[in-house]
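Letter 430 of the sequence shown, counting from 1, is numbered 430 in full-length UniProt numbering, and no numbers are missing. C-beta: ideal position from N, C-alpha, C; glycine also. Since the model is a prediction, treat every value here as computed from it, not as a measurement. Take a look at the structure set out below.
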Amino acid sequence: MKFRSTRDVTAQATDALAAIIQGLAVDGGLFVPVAFPHPNYDLATLIQQPYQLIAQQVFGWFFNELSGLEVAATKAYGSQWDTPSITPLTKQIAGNYYLELFHGPTLAFKDVALQALPQLMRLAKEQGRNPNETIILTATSGDTGTAALRGFKNILGTQVVVFYPQDGISPIQKLQMLGQTGANLHVVGITGNFDQAQTRVKQIFNNPQIRQQLAQQKQQFSSANSMNIGRLIPQITYYFSAYGQLVRQGVIKVGEKINFSVPTGNFGDILAGYYAKKLGLPIHKLICASNVNHVLTDFFQTGTYDRQRKFQVTNAPSMDILVSSNLERLLFDAYRQDAEVINKLMQQLQSQGTYQVTPQVHKWLQATFAAGYATPNQVQAEIRRVYEQANYLIDPHTAVGSFVTQQYQAQTNDQHPCVILATASPYKFPETVLTAINSQTNPPSGLAAIETLAKFDTKPLTTGVKELFVDQPQSQLTIAPPEMTTTVLDLI
Ligand SMILES: *Cc1c(COP(=O)(O)O)cnc(C)c1O
Numbered sequence: 001m002k003f004r005s006t007r008d009v010t011a012q013a014t015d016a017l018a019a020i021i022q023g024l025a026v027d028g029g030l031f032v033p034v035a036f037p038h039p040n041y042d043l044a045t046l047i048q049q050p051y052q053l054i055a056q057q058v059f060g061w062f063f064n065e066l067s068g069l070e071v072a073a074t075k076a077y078g079s080q081w082d083t084p085s086i087t088p089l090t091k092q093i094a095g096n097y098y099l100e101l102f103h104g105p106t107l108a109f110k111d112v113a114l115q116a117l118p119q120l121m122r123l124a125k126e127q128g129r130n131p132n133e134t135i136i137l138t139a140t141s142g143d144t145g146t147a148a149l150r151g152f153k154n155i156l157g158t159q160v161v162v163f164y165p166q167d168g169i170s171p172i173q174k175l176q177m178l179g180q181t182g183a184n185l186h187v188v189g190i191t192g193n194f195d196q197a198q199t200r201v202k203q204i205f206n207n208p209q210i211r212q213q214l215a216q217q218k219q220q221f222s223s224a225n226s227m228n229i230g231r232l233i234p235q236i237t238y239y240f241s242a243y244g245q246l247v248r249q250g251v252i253k254v255g256e257k258i259n260f261s262v263p264t265g266n267f268g269d270i271l272a273g274y275y276a277k278k279l280g281l282p283i284h285k286l287i288c289a290s291n292v293n294h295v296l297t298d299f300f301q302t303g304t305y306d307r308q309r310k311f312q313v314t315n316a317p318s319m320d321i322l323v324s325s326n327l328e329r330l331l332f333d334a335y336r337q338d339a340e341v342i343n344k345l346m347q348q349l350q351s352q353g354t355y356q357v358t359p360q361v362h363k364w365l366q367a368t369f370a371a372g373y374a375t376p377n378q379v380q381a382e383i384r385r386v387y388e389q390a391n392y393l394i395d396p397h398t399a400v401g402s403f404v405t406q407q408y409q410a411q412t413n414d415q416h417p418c419v420i421l422a423t424a425s426p427y428k429f430p431e432t433v434l435t436a437i438n439s440q441t442n443p444p445s446g447l448a449a450i451e452t453l454a455k456f457d458t459k460p461l462t463t464g465v466k467e468l469f470v471d472q473p474q475s476q477l478t479i480a481p482p483e484m485t486t487t488v489l490d491l492i
């Protein structure tokens, strides 16, 4: 299996090893398979397998030249998860099914990929005889950073540098991120938003001078963002796992179509769902759910992507994004692998802040994707509705998905069973959840909020949540976005 950049018109092929280690293509594009796999498999058999075996199968479809995938999948999905099913699906709750992706060590779905990426990278480095030290450079809207720090902590031959928006993440997210300690870990706050962090990280990545300097030091950048194909592919697994669980619950028979609703920011999670559909999983619609930074809702509805608008900090901060990087991979398919068009669109996005797709492409997109958004108040109301109906706590990001699903179902009367991706634990955002279910005017914050929220929960606290109480946050380093380049070079 070879990979190529979405922006390279010569379609030069890179092997999986290099694609995983590099993370981003040098031309600023994203790695995609040269020939997307069309595996021959029996769906009924595959979905009966334990999570680790489904993961191994999915890894093998894309990274078949890596040996040791079985060990990689076993280690990625071992005892650091608090449930053997790894991503359990709830019974029907208020009309839909919630796929809980937050049972890993840092309480958000990012763990699913970032427990696997270090394993895949280790194999790629060993088998590619790559002697360089890997510098994982990551911009985070809150959850990727912590999951990357946790995943790569104490991994030999790796350093991690994480940039997060100083005022754009929740108190628990910050506590958790600053609580990750290890000699190879660096955490830096910036006085800017996620888009600024992500743009700079891409610039640092693609700066030829810095690349050269690193090469001389026997170092090399890589990415833990969903721009890295090695992070994206592991996320495909849980779409298959969810389908299997729905079959076992007796909701569907093998072969029947279902919908997935995905709280979306950088478009990584939902792209993994689209890849699952391409791989033959019977998916009817993928519902792209945004918060009030609803660039994607507008895009799917009108065919115009327009990031020229005010960036809003919301109660679902991990989705506060105006430039959704992974959309580029979808466009690449929509334009039938025409790298020239992708180049043109991405240049327009950079210079003019907007681009428009053709009516045919727009129609193609609408055949698979539906889209909608929720305001902060609608998020609160949805958390409350689900709690009142089912005593089930959802986090604000999951609430975005849940709200948009309700709205979509009411508007379209689409009767397919719908799986809503529950992307974070409610305990990661306890203030918002408490205010929603309890209407307190002066709710407690941070750890105190967790303790109060626990009283409303029918289930005991998980190990991951309890760990928050023993984390010892480091002192924080904060810089302005223009200082990011020198800071990286200093730290590593
Ligand atoms: C990252 C994140 C999202 C958005 O996922 P993308 O892959 O960036 O679209 C949604 N919810 C939570 C809790 C997240 O951490």
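Coarse secondary structure for residue i, derived from DSSP in three states
i, result
"K75", "helix"
"L185", "strand"
"H416", "coil"
"G372", "strand"
"V34", "coil"
"H397", "helix"
"L99", "strand"
"A436", "helix"
"Q219", "strand"
"T405", "helix"
"T199", "helix"
"R4", "strand"
"L286", "strand"
"V470", "coil"
"D320", "coil"
"Q159", "strand"
CA nearest to the CA of residue i, picked from the options
i, options, result
"S402", "L365, P263, Q198, F369", "P263"
"A55", "N442, Q173, I233", "I233"
"I258", "Y274, E340, T354", "Y274"
"R117", "S141, L89, F194, I20", "Checking the sequence shown, residue 117 turns out to be Leu, not Arg. It is I20 whose Cα lies nearest to the Cα of L117."
"G268", "D471, G446, S324, T237", "S324"
"M319", "K363, P359, A374", "A374"
"G280", "D111, H38, V32", "H38"
"L53", "F240, S475, L461", "F240"
"I252", "S222, H416, A113, Q12", "H416"
"D82", "T463, A148, V58", "T463"
"I172", "T134, T478, T486, V433", "V433"
"K455", "N442, Q472, P430, L468", "P430"
"V386", "Q347, K344, I236, I437", "I437"
"S223", "G145, L175, Y243", "G145"
"I283", "T368, Q472, A334", "T368"
"P33", "Q12, Q48, L123", "Q12"
"V58", "S475, A422, I450, T237", "T237"
"F31", "L331, Y355, I450, K363", "L331"
"N266", "T199, Q213, K278, F36", "T199"
"A334", "K277, V361, S226", "V361"
"L175", "T485, S439, V465, E100", "V465"
"Q196", "P482, L489, V112", "P482"
"A147", "T181, R329, D27", "T181"
"Y355", "D298, N377, N391, V400", "D298"
"G244", "Y97, T487, I47", "I47"
Cβ neighbour criterion (16 or more within 10 Å) applied to residue i
i, result
"Y427", "buried"
"L491", "exposed"
"G255", "exposed"
"L156", "exposed"
"Q352", "exposed"
"E65", "exposed"
"F87", "Note that residue 87 corresponds to Thr in the displayed sequence, not to Phe. By the neighbour-count rule (16 or more Cβ atoms within 10 Å), T87 is buried."
"F469", "exposed"
"L327", "buried"
"P359", "exposed"
Inter-residue Cα distance where the pair is residue i and residue j
i, j, result
"S170", "P317", "7 angstroms"
"H186", "T158", "11 angstroms"
"D143", "A108", "7 angstroms"
"T458", "L393", "9 angstroms"
"Q115", "G230", "11 angstroms"
"F221", "T14", "16 angstroms"
"Q209", "A480", "22 angstroms"
"T398", "I93", "13 angstroms"
"Q22", "V357", "29 angstroms"
"E382", "A124", "43 angstroms"
"P460", "E467", "14 angstroms"
Cutoff 7 angstroms: residue i Cβ touching any chain D Cβ
i, result
"Q366", "Absent from the structure: chain D. Only one protein chain is present."
Count Cβ pairs between the stretch 2-19 and the stretch 333-344 that sit closer than 8 angstroms; are there 3 or more?
Three or more Cβ pairs drawn from the stretch 2-19 and the stretch 333-344 lie within less than 8 angstroms of each other, which places the two stretches in contact.
Would the stretch 135-150 and the stretch 159-166 be scored as touching if the rule is three or more Cβ pairs under 8 angstroms?
yes
Please confirm if the stretch 299-306 is in contact with the stretch 126-134, defined as three or more CB-CB distances below 8 angstroms between the two stretches.
no
For the pair the stretch 283-296 and the stretch 396-412, tell me if three or more CB-CB distances fall below 8 angstroms.
yes
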